[in-house]
Amino acid sequence: MSIRDVFLAIAVVSLAQTAQASEVFEKAKITAGEMLYRVECRRCHAPNSNDPSYGPPLENIIGRGAGTFPDYDYSEALAASGIVWTPAALRAWMEDNTGFLPGTKMRHVGIQDRTVQDFILTYLASLAPQSDK
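Sequence positions in the sequence shown follow mature numbering (1 follows the signal peptide of the UniProt record, and there is no 0) and run -21 to -1, 1 to 112.
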């Protein structure tokens, strides 16, 4: 699915009844974010700790300290960074993780499109720890 298709889906959804528009739009943003996450992030990061992945899972990432998910071999730079994953920190990481934190092990082509970043952040914010679901 292309970005254009995602925007078209959101535009159609936003025409829903006024009372439900906000809730429907938020769900559409989460769905779009999940689709973009699967393209940009899922090959290495599972959405929750029950799924196997190369990198640490991203459930409950917002507000979590960088390099703190148990049983993952983080780079010294990330583990010692003291970074807390706020939306702003995650945005900077998505855009240019090695520029944001030199010495990290993670390698990826940055996500430059702020709209794509916004959708992924909305999806990540929707991920509660698996035990809470």
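Every residue gets a Cβ at the ideal spot worked out from N, C-alpha and C, and that includes glycine.
Assigned exposure category for Gly44 - 16 Cβ within 10 Å defines buried: Taking every protein chain shown into account, the CB of Gly44 has fewer than 16 other CB atoms within 10 angstroms, so this residue is exposed.
Alpha-carbon to alpha-carbon, Pro36 and Phe4: When rounded, the distance between both Cα atoms is 26 Å.
Own chain, CB closer than 7 Å to Tyr33, minus 5 neighbours either side, in chain order: Cβ within range, chain order: Cys23.
Coarse secondary structure for Val88, derived from DSSP in three states: Coil, per DSSP.
Lys112 versus Lys6: straight-line alpha-carbon distance, rounded: Annotation note: pLDDT 42 at Lys112 (below 50); position unreliable, coordinate value reported separately. For Lys112 and Lys6, the distance between alpha carbons rounds to 17 Å.
Proximity to Trp64 [Cα-Cα], best of Glu38, Arg86, Asp52, Tyr51: Measuring from the Cα of Trp64, the nearest candidate turns out to be Glu38.
Nearest neighbour of Glu74, chosen from Ser28, Arg21, Gln91 [CA to CA]: Restricting attention to Ser28, Arg21, Gln91, the CA atom closest to the CA of Glu74 is found in Gln91.
Spatial distance of Ser60 from Ala71 (CA atoms): Note on geometry: alpha-carbon atoms of Ser60 and Ala71 lie some 14 Å from one another.
Cβ-heavy atom distance, Pro81 to the ligand ADP, below 6 Å: The ligand ADP is not part of this structure, which contains no ligands at all.
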